[in-house]
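Asker:
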Amino acid sequence: MNGWRLSRRSLLRAGTAGAAVAGAAGTLATLLSGRSGAVPLAPHSGTEGTPPQQAGHDSHGTTAMMTVGDVDTVAMGFDPSAFLTAFDYGHVSRLPDGRTLREYRIVAGDKEIEIAPGVFFPAWTYNGQVPGPTLRCTEGERVRVHFTNAGTHPHTIHFHGIHSAYMDGVAGIGRGAINPGEGFVYEFDAYPYGCHLYHCHAIPLKRHIHKGLYGAFIIDPDPERHGERARSRHPDYPESREWQEFVMVMNAFDTNFDGENEVYAVNTVAFHYMKHPVRVERDRPIRIYLINITEFDPLNSFHLHGNFFDYYDHGTMLEPTLRTVDTIVQCQGQRGILEMSFAGFEPGLYMFHAHQSEFVELGWMGVFEVVDS
Amino acid sequence: MSETTLSDGTLPRSTRAWTMRRIVLGVLPLGLLGAVMVAIFATGGGLGDRSAPPVEKLSIQRVHLPEPNVIVLEVVNDGPQPVTIAQVLVDDAYWSFQIAPDPTLDRLQAATITIPYPWVAGEAHVISLISTTGATFEAEVPVAVQSPALDRGTVLRFAAIGFYVGVVPVTLGLLWYPFLRGLGRQGLRFILALTAGLLLFLIVDMVGEAQEVAEAVPGALSGSLLVPLVALLSFLFLLAVSSRNPEAPQRGLGIAYRMALGIGLHNLGEGLAIGAAIALGEIALGIFLIVGFTLHNVTEGVGIAAPILRTRPALRHFAGLALLAGAPAILGVWIGGFVYSPLWATVFLAIGAGAIAQVVVEVARLLADGQRSRGALLDWTTLGGVTAGMALMYVTSLAVAA
């Protein structure tokens, strides 16, 4: 009765052992070819192989390499499509010295979020969403963040920016970790301008970040100090109006807590921008505030199809750090600004995704739907 | 409460009647047990209000590739909590899928998942299921080969394999019958001991394999517990059957038939292994596998011949014995190749092990009868025979180890 040992014996490649050849093209190629219509993915299996939930997006290329169904963004109280353009300018008032004071209220709490259709993740959130709200202000303004910890573990807010050690929001330094039920007010001047982030810096650090405590923190350059070029970056100036601005936070989730991510995304939901393309007007320029807060993998990346862009690392300068590239890499916590234009392009779907194919297949993939202005 | 007791300690028939009082006494503990269960559910049984996270378990019973671009999984929820399968990944890529009858599996409920995936022949694939809570369950396709289809040609080819592995070697072994009859008393004792040796080898082998297969049985069914229990029951059952019919002349034939049954179940297990290997694509090991099993099983024919050397059964009995011992291999290849189930494989193997154990007892009794008042059962002749039997099986098994 030694036959059973065969099944666990060295995995001898069957080679030519009468196997049928699975003749299918590469998955991405299949995906792209689907742009003109539905893709017959499994001609022998019948159409039931592709779930009906996806059929609604035939014009965007139904694909098999995809999650089945769609996330209930209403029930979750978080819509990645709306998040792209949701900027929190805070409560504005004047300080006695004439400067602007911006105040924000942030509450940390526990919440279950849906990161792929039907896959729920026990997240820790800022204001009930992952990523937390995108805080936006102008350089030189006073920023006051009223933080309350309504969660079950000690948390902090650590801002990437210039501030005192006491305001650093790190466990064990200054005010340190804020215990459940307690609160703290973080206060500092907004410097330097750029595309920054904030995140929890309680320990264990990996867990506190990967559970969802992070968000974008954008400081716009003050055109009065930096001149003409800064005007398009500042929402108060008419030069900024033509720009289509989006916040993209590259994140990932380890659903089974084995130190490897099961879901990769921008703005939390796997494949969201495949199922709900990011609609852009062709002749208006695009600016993306891109942040990498992926845990466990040292690097993440952004790659654009059919076009190139300029890249401003950290967004702290008005001159691009890289010109005319179609792929950039960010380490954990790195961020920057991408500027691109589809002016004069053929309307259609232009894909963007990490150029780590593994991340692509696990959810970090989306499309711009470029339409006539 | 004074009841008369008969001299043999039992109650008189009249008091053994089913009176109302007796029924109440019999049912009362059950009623109380029910009440306790209700109380446990009502109060939480001391666990209090702790809402423990669900322990999700899922057993992937079978992965097959019925045609190009299709992967089919059969899964069973073998945990205490319902499991909902939310997404499916193939080789770390989210993939579309269809699940029937329902994505939510209750305890011990099964489901079939169909994935339209362009698998690559000869290469390995990993399928991962993600539940609603984010738990993952993995299955591997070590070598992707299209699973055998249930058509006439395949059925016949599988039957041919089972025939070569089961019926042919047992028949060849039985052909030694005339030669063995010519042996003297010591020679016969040696052959019987050799039979006991090869049967002992089969028991050890089958129990080991049954335990191995049992690991794939859904955990809630306690596969590894089933092996000794089923083997023991099968042993006791055959012991009860054999003690009912102890007439001397036919006794040898009865033993031979029971031995053929046990060996048949063993060969069924071999057939399962071969069939499953074909389904998994590992039949690339090739013709040596079949040759190995054929060599290995010739000895079984000798074993079946041993208890009937003193009797002279009709020829039809030889055909019957060969079929009973050999033909289950055909059935095994079919089952293994088409509808393999770890649970039933475990049960079959355990029944076989128990059956063979009972035959060993009978062979030992035959040896003891022949030995009446002539010294110990275990002497150098019988020990030599047992050793030779085990050695023969061990050496021929190397041919299969490939």
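So the sequences go chain by chain: A and B.
In terms of my numbering, the first sequence is residues 1 to 373.
In terms of my numbering, the second sequence is residues 1 to 402.
The beta-carbon is built from N, C-alpha and C at its ideal position, and this holds for glycine as well.
Going by DSSP, what residues sit across from Arg350 (chain A) in a beta bridge?
Answerer: Taking the first residue of the first sequence as 1, we reach residue 350 (chain A) at position 350. Checking the displayed sequence, the identity of residue 350 (chain A) turns out to be Tyr instead of Arg. Bridge partners of Tyr350 (chain A): A:Phe368.
Asker: For the alpha helix (DSSP H) holding Glu224 (chain A), just list the boundary residues, first then last.
Answerer: Residue 224 (chain A) sits at position 224 when you count from the first residue of the first sequence. Segment Pro223 to His226, the alpha helix (DSSP H) holding Glu224 (chain A).
Asker: With a threshold of 7 angstroms between beta carbons, is Met65 (chain A) in contact with chain B?
Answerer: Start at 1 with the first residue of the first sequence, and residue 65 (chain A) comes out as number 65. Yes, Met65 (chain A) counts as interfacial toward chain B.
Asker: Considering only their Cβ atoms, is the gap separating Gly151 (chain A) from Pro122 (chain A) smaller than 7 angstroms?
Answerer: Counting from 1 along the first sequence, the entry for residue 122 (chain A) is found at position 122. Counting from 1 along the first sequence, the entry for residue 151 (chain A) is found at position 151. In this structure, Gly151 (chain A) does not lie closer than 7 angstroms to Pro122 (chain A) by Cβ.
Asker: Report the option in A:Val143, A:Ser373, A:Ile157 and A:Met274 whose CA atom is closest to the CA atom of Thr100 (chain A).
Answerer: The sequence position of residue 100 (chain A) within the first sequence is 100, counting from 1. If we check each option's Cα against that of Thr100 (chain A), A:Val143 comes out closest.
Asker: Only counting the same chain, and skipping five residues up and downstream in sequence, which positions put a Cβ closer than 8 angstroms to that of Asp72 (chain A)?
Answerer: Walking along the first sequence from the start, residue 72 (chain A) turns up at place 72. Result list for Asp72 (chain A): Glu114, in chain order.
Asker: Smallest Cα separation from Gly212 (chain A): which of A:Pro96, A:Gly109 and A:Val278?
Answerer: Against the first sequence, residue 212 (chain A) aligns to sequence position 212. When only C-alpha atoms are compared, the closest one is A:Gly109.
Asker: Looking at the structure shown, is Ile65 (chain A) part of a helix, part of a strand, or coil, going by DSSP?
Answerer: One-based indexing of the first sequence puts residue 65 (chain A) at position 65. Per the sequence shown, the amino acid found at residue 65 (chain A) is Met instead of Ile. Met65 (chain A): coil per DSSP, three-state reduction.
Asker: Express the C-alpha separation of Lys111 (chain A) and Leu127 (chain B) in angstroms, rounding to a whole number.
Answerer: As a first step, residue 127 (chain B) must be located in the second sequence, where it is residue number 127. As a first step, residue 111 (chain A) must be located in the first sequence, where it is residue number 111. A small fix is needed here, since residue 127 (chain B) is Ile in this sequence, not Leu. Roughly 29 angstroms separates the two Cα atoms.
Asker: Using the three-state DSSP reduction, which class does Ile304 (chain B) fall into: helix, strand or coil?
Answerer: Walking along the second sequence from the start, residue 304 (chain B) turns up at place 304. DSSP places Ile304 (chain B) in helix when its eight states are reduced to three.
Asker: Taking Cβ-Cβ distances shorter than 7 angstroms, what residues in chain C pair up with Val68 (chain A)?
Answerer: The structure shown contains no chain C; its protein chains are A and B.
Asker: Taking C-beta pairs closer than 8 angstroms, name the residues in chain B that Ala116 (chain A) reaches, listed in chain order.
Answerer: Looking up residue 116 (chain A) in the first sequence gives position 116. Result: Ala86, Gln87, Tyr94 and Ile130.
Asker: Which residue from A:Thr67, A:Met317 and A:Val371 puts its Cα closest to that of Val119 (chain A)?
Answerer: Walking along the first sequence from the start, residue 119 (chain A) turns up at place 119. For Val119 (chain A), the nearest C-alpha among the options comes from A:Thr67.
Asker: Report yes or no: is there a C-beta of chain B within less than 7 angstroms of the C-beta of Glu295 (chain A)?
Answerer: Translated into positions along the first sequence, residue 295 (chain A) becomes position 295. Judged by the 7 angstroms Cβ criterion, Glu295 (chain A) is not in contact with chain B.
Asker: Quick test of your reading: Ser248 (chain A) and Val266 (chain A), contact by CB under 8 angstroms. State the CB separation rounded to the nearest angstrom.
Answerer: In the first sequence, the residue the question calls residue 248 (chain A) occupies position 248. In the first sequence, the residue the question calls residue 266 (chain A) occupies position 266. As written in the sequence, residue 248 (chain A) is Met, which differs from the Ser given in the question. Confirmed, about 4 angstroms.
Asker: Are any of the Cβ atoms in chain A nearer than 7 angstroms to that of Thr43 (chain B)?
Answerer: As a working mapping, residue 43 (chain B) is identified with position 43 in the second sequence. So no, Thr43 (chain B) is outside the interface.
Asker: Go ahead and label Leu398 (chain B) buried or exposed: buried means 16 or more other beta carbons lie within 10 angstroms of its beta carbon, across all protein chains shown.
Answerer: Here residue 398 (chain B) is taken as the residue at index 398 of the second sequence, counted from 1. Looking at its Cβ environment, which holds fewer than 16 other Cβ atoms inside 10 Å, Leu398 (chain B) is exposed.
Asker: Using three-state DSSP, classify Ser2 (chain B) as helix, strand or coil.
Answerer: Residue mapping note: residue 2 (chain B) aligns to position 2 of the second sequence, counting from 1. Its pLDDT being 48, under 50, Ser2 (chain B) is placed unreliably in this model, and the coordinates cannot settle the point.
Asker: Looking at chain B, is there any beta carbon in it that lies within less than 7 angstroms of the beta carbon of Asn456 (chain A)?
Answerer: Within the shown structure, residues of chain A are numbered from 1 to 373, placing residue 456 (chain A) beyond reach of any answer.
Asker: Drop a sphere of 10 angstroms on the beta-carbon of Leu227 (chain A), count the other beta-carbons inside from all chains shown, and report buried for 16 or more, exposed for fewer.
Answerer: Within the first sequence, numbered from 1, the residue matching residue 227 (chain A) stands at position 227. According to the sequence as given, residue 227 (chain A) is Gly; it is not Leu. Gly227 (chain A) is exposed by the Cβ-count criterion.
Asker: Enumerate in chain order the residues of its own chain whose CB-to-CB distance from His160 (chain A) is below 6 angstroms, with the five nearest sequence positions on each side excluded.
Answerer: By 1-based counting over the first sequence, the position of residue 160 (chain A) is 160. Around His160 (chain A): His196 and Leu197.
Asker: Should the stretch 111-119 of chain B be called in touch with the stretch 65-79 of chain B, which here means at least 3 C-beta pairs below 8 angstroms?
Answerer: Yes: at least three Cβ pairs fall under 8 angstroms.
Asker: Taking 7 angstroms as the CB-CB limit, is Gly342 (chain A) close to chain B?
Answerer: For this step, residue 342 (chain A) is matched to residue 342 along the first sequence. Correcting the residue identity first, residue 342 (chain A) is Phe in this sequence and not Gly. No, Phe342 (chain A) lies away from the interface with chain B (no Cβ there is under 7 angstroms from its Cβ).
Asker: Within 10 angstroms of the Cβ of Gly332 (chain B), are there 16 or more other Cβ atoms? Answer buried if so, exposed if not.
Answerer: Numbered from 1 along the second sequence, position 332 holds the residue referred to as residue 332 (chain B). By the 10 Å Cβ count, Gly332 (chain B) comes out buried.
Asker: Could you list which residues in chain B have their beta carbon closer than 8 angstroms to that of Phe121 (chain A), in chain order?
Answerer: Working through the first sequence from its first residue, we reach residue 121 (chain A) at position 121. Per Cβ cutoff of 8 angstroms: Gly134.
Asker: Just to confirm my understanding: we take Ile291 (chain A), look at its own chain, exclude 5 residues before and 5 after, and list those with CB closer than 6 angstroms. What are they?
Answerer: Translated into the one-based positions of the first sequence, residue 291 (chain A) becomes position 291. Excluding sequence neighbours, Ile291 (chain A) sits near Leu197, Ala216, Val249 and Arg335.
Asker: CB-CB under 8 angstroms to Gln146 (chain B), same chain, minus the five flanking residues each way: which ones, in chain order?
Answerer: Counted from its first residue, the second sequence places residue 146 (chain B) at position 146. Around Gln146 (chain B): Leu65, Pro66, Glu67, Pro68 and Ala121.
Asker: Whose Cβ in chain B lies nearer than 9 angstroms to the Cβ of Gly363 (chain A)?
Answerer: Locating residue 363 (chain A) in the first sequence gives position 363, counting from the first residue. Result: Tyr94.
Asker: Would you please verify whether the beta carbon of Glu358 (chain A) is less than 7 angstroms from any beta carbon of chain B?
Answerer: Locating residue 358 (chain A) in the first sequence gives position 358, where the first residue counts as 1. Closer than 7 angstroms: yes.
Asker: Tell whether a beta-carbon distance below 7 angstroms holds between Arg189 (chain B) and Thr311 (chain B).
Answerer: Here residue 189 (chain B) refers to the residue found at position 189 of the second sequence. Here residue 311 (chain B) refers to the residue found at position 311 of the second sequence. Contact flag unset, no.
Asker: Let's test the definition: count the other Cβ atoms within 10 Å of the Cβ of Ala17 (chain B) and tell me whether it reaches 16, buried, or not, exposed.
Answerer: Here residue 17 (chain B) refers to the residue found at position 17 when the second sequence is read from its first residue. Exposed: under 16 other Cβ atoms inside 10 Å.
Asker: Spatial neighbours of Val170 (chain A) within its chain, please: CB distance less than 8 angstroms, with the 5 preceding and 5 following residues excluded, ordered by chain position.
Answerer: The residue given as residue 170 (chain A) occupies position 170 in the first sequence. Closer than 8 angstroms at Cβ, skipping near neighbours: Thr156, His158, Gly176 and His201.
Asker: Once the 5 residues before and after Asp92 (chain B) are set aside, which same chain residues still bring their CB inside 8 angstroms of it?
Answerer: Residue numbering aside, residue 92 (chain B) sits at position 92 when the second sequence is read from its first letter. Excluding residues within five positions, the ones whose Cβ falls inside 8 angstroms are Val126 and Ser128.
Asker: What residues in the stretch 258-270 of chain A have a beta carbon less than 9 angstroms from any beta carbon of chain B?
Answerer: Taking 9 angstroms as the Cβ-Cβ cut-off against chain B, the residues of the stretch 258-270 of chain A that qualify are Asp258, Glu262, Val263 and Ala270.
Asker: I'd like to confirm the pairing. Which residues does DSSP put opposite Met248 (chain A) in its beta bridges?
Answerer: Residue numbering aside, residue 248 (chain A) sits at position 248 when the first sequence is read from its first letter. A:Leu290, per the DSSP bridge assignment.
Asker: Whole angstroms are fine: how far does the CA of Pro133 (chain A) sit from the CA of Thr85 (chain A)?
Answerer: Working through the first sequence from its first residue, we reach residue 85 (chain A) at position 85. Working through the first sequence from its first residue, we reach residue 133 (chain A) at position 133. Spanning the two alpha carbons is a distance of roughly 11 angstroms.
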